[in-house]
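**Student:** In this note's numbering, the protein residues as written are 6 to 433.
Glycine is no exception: its CB is placed at the ideal position from the N, C-alpha and C atoms.
The structure follows.
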Ligand SMILES: [Zn+2]
């Protein structure tokens, strides 16, 4: 860390208007100044200067829902509905994953996320202490939760593992790691178990990360079993009195949209996963109209099959337009806000990240605009959402540390990761 000056770049702060040619001054982990160079105090001297005249600066993307180590199962099982995909393919393979597998599968995900401009992600999986180790090494920021299944014998032990993650890792990596408890879903946790987890979360002072209302089957089964839809059940059990990050929210009634808005539930919209598993299409335009700051997530790499937030944002914008028949729904600025500031809100981190503002953490990406698909540049935000690719990301800064420069990730050994993953995939 130290003092970094990013010069001559187009800046998209998200929370304010675009600055055409400005500077960003970083003091250790925080943004010290942004604006025209003339406004920077002359006695402020940088240790490192990045000349970014071909770059656009914006807050790093927040991937609001993923299962990082599922990169190991990328393209292992495709073209199946959620239930057989999970029960016949994914869960049996996951049961064979070792702690080392989780570590290296996560590292592969981190490499992919850094390369495509993600600076923060929300992860729910198992052996999460190995995920936390990889996050600390990578320099990324993450909200981590141990996935909890509450219908099996080992559910008590799992809850204790989830609690240990909170106690051992919350605040680790210079504060880059935060934690939640992660009851997997109403179809894998009984109401009693959900209540128990929520009570624990309240005592620990953390939120919940859960899958809700993903498929029509889930809605029907939960309704048949408990007499409520998943959202209504979660509300009735008091889950929404805590900060909740709810992945999917695909099948919602108007009343449920209102509950989500009123209870300030964070929604992680995962359009590619929902399309690929044919789970349905979330009513994002309705949620936004109701004032819900919908965030975007990739979900795991085996139902996507990549972790590229630029692509996810692009699909989210197009899908909302196509399904509503209204091309004005989710404009470019809204899409960028969903992928950054709304993600930060959904993770409860918007006081620190999600936009470029003085005093916030320096989580910044630089996108190389000197490319054929970027020219000409009529509208910089539209170019990012509708034309840019993950591979256009040049520089990634998290917590004031440059973790990628010129497309080269500094904190992870690419060959080491590739070797492990290729070898392990052969054994599978
Ligand atoms: Zn998921």
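Could you give the DSSP three-state label for residue 132: helix, strand or coil?
**Tutor:** Counting from 1 along the chain shown, the entry for residue 132 is found at position 127. Coil, per DSSP.
**Student:** For ligand 1, any of its heavy atoms closer than 7 Å to the Cβ of residue 252?
**Tutor:** Walking along the chain shown from the start, residue 252 turns up at place 247. Indeed, a heavy atom of ligand 1 lies less than 7 Å from the Cβ.
**Student:** When you compare only the Cα positions, how much space is there between residue 83 and residue 308?
**Tutor:** By one-based count along the chain shown, residue 83 stands at place 78. By one-based count along the chain shown, residue 308 stands at place 303. For residue 83 and residue 308, the distance between alpha carbons rounds to 7 Å.
**Student:** I'd like the ranges of any alpha helix (DSSP H) spanning at least 4 consecutive residues and lying wholly in the segment 301-380.
**Tutor:** The qualifying runs are 314-329, 337-344 and 346-351.
**Student:** By DSSP's criteria, residue 98 is part of a beta bridge. Which residues make up the other side?
**Tutor:** Here the question's residue 98 lines up with position 93 in the chain shown. In DSSP, residue 98 forms no bridge with anything.
**Student:** Locate the alpha helix (DSSP H) running through residue 277, then write down its first and last residues.
**Tutor:** Residue numbering aside, residue 277 sits at position 272 when the chain shown is read from its first letter. Where residue 277 is concerned, the enclosing alpha helix (DSSP H) stretches over 276-281.
**Student:** Given this structure, state the Cα-to-Cα distance separating residue 70 from residue 81, to the nearest angstrom.
**Tutor:** Working through the chain shown from its first residue, we reach residue 70 at position 65. Working through the chain shown from its first residue, we reach residue 81 at position 76. Cα to Cα, residue 70 sits roughly 20 Å from residue 81.
**Student:** Quick check on this structure: which residue in 314, 366 and 217 has the alpha carbon closest to the alpha carbon of residue 117?
**Tutor:** As a first step, residue 117 must be located in the chain shown, where it is residue number 112. Nearest option by C-alpha distance: 314.
**Student:** Look at the alpha carbon of residue 378 and the alpha carbon of residue 14, and state the distance between them as a whole number of angstroms.
**Tutor:** Translated into positions along the chain shown, residue 378 becomes position 373. Translated into positions along the chain shown, residue 14 becomes position 9. Spanning the two alpha carbons is a distance of roughly 19 Å.
**Student:** Assuming residue 57 and residue 45 make a contact with CB atoms under 8 Å, what is their CB distance in whole Å?
**Tutor:** Working through the chain shown from its first residue, we reach residue 57 at position 52. Working through the chain shown from its first residue, we reach residue 45 at position 40. Going by Cβ atoms, the distance from residue 57 to residue 45 rounds to 15 Å, so no, they are not a contact pair.
**Student:** Less than 8 Å separating the beta-carbons of residue 24 and residue 63?
**Tutor:** Numbered from 1 along the chain shown, position 19 holds the residue referred to as residue 24. Numbered from 1 along the chain shown, position 58 holds the residue referred to as residue 63. No, the pair does not count as a contact, with Cβ atoms beyond the cut-off.
**Student:** Quick check: what's the CA-CA separation for residue 164 versus residue 201?
**Tutor:** Position 159 of the chain shown holds residue 164. Position 196 of the chain shown holds residue 201. Roughly 9 Å between the two C-alpha positions.
**Student:** Terminal residues of the continuous beta strand (DSSP E) containing residue 235?
**Tutor:** For the purposes of this step, residue 235 is identified with residue 230 of the chain shown, where counting begins at 1. Segment 235-241 is the alpha helix (DSSP H) holding residue 235; no beta strand (DSSP E) there.
**Student:** Cβ of residue 305 versus every heavy atom of ligand 1: is any distance shorter than 7 Å?
**Tutor:** Residue numbering aside, residue 305 sits at position 300 when the chain shown is read from its first letter. For ligand 1, at least one heavy atom lies less than 7 Å from the Cβ of residue 305.
**Student:** Suppose contacts are defined by Cβ-Cβ distances below 8 Å. Is residue 296 in contact with residue 67 by that definition?
**Tutor:** For the purposes of this step, residue 296 is taken as residue 291 along the chain shown, with counting starting at 1. For the purposes of this step, residue 67 is taken as residue 62 along the chain shown, with counting starting at 1. No, these two residues do not count as a Cβ contact at 8 Å.
**Student:** Using DSSP with H/G/I as helix, E/B as strand and the rest coil, what is residue 116?
**Tutor:** If you number the chain shown from 1, residue 116 lands on position 111. Residue 116: helix per DSSP, three-state reduction.
**Student:** Around the Cβ of residue 365, are there at least 16 other Cβ atoms within 10 angstroms (buried) or fewer (exposed)?
**Tutor:** One-based indexing of the chain shown puts residue 365 at position 360. Classification of residue 365: buried, given that the 10 Å Cβ count is 16 or more.
**Student:** Using only the alpha-carbon positions, how far apart do residue 404 and residue 182 sit?
**Tutor:** For the purposes of this step, residue 404 is taken as residue 399 along the chain shown, with counting starting at 1. For the purposes of this step, residue 182 is taken as residue 177 along the chain shown, with counting starting at 1. Near 11 Å, if we compare the C-alpha coordinates of residue 182 and residue 404.
**Student:** Let me check you understand the geometry: is the CB of residue 319 closer than 7 Å to at least one non-hydrogen atom of ligand 1?
**Tutor:** Translated into positions along the chain shown, residue 319 becomes position 314. Result no, Cβ not under 7 Å from ligand 1.
**Student:** Pull up the distance between the alpha-carbon of residue 214 and that of residue 188, whole angstroms please.
**Tutor:** The residue given as residue 214 occupies position 209 in the chain shown. The residue given as residue 188 occupies position 183 in the chain shown. C-alpha separation (whole angstroms): 7 Å.
**Student:** Kindly give me the distance between the Cβ atoms of residue 177 and residue 141, rounded to whole angstroms, as I take these residues to be in contact under 8 Å.
**Tutor:** The sequence position of residue 177 within the chain shown is 172, counting from 1. The sequence position of residue 141 within the chain shown is 136, counting from 1. About 6 Å; that satisfies the 8 Å criterion.
**Student:** Helix, strand or coil: how does DSSP classify residue 409 here?
**Tutor:** Working through the chain shown from its first residue, we reach residue 409 at position 404. Three-state result, residue 409: strand.
**Student:** Would you report the Cα separation of residue 321 and residue 292, rounded to the nearest angstrom?
**Tutor:** Counted from its first residue, the chain shown places residue 321 at position 316. Counted from its first residue, the chain shown places residue 292 at position 287. The straight-line gap from Cα to Cα measures roughly 13 Å.
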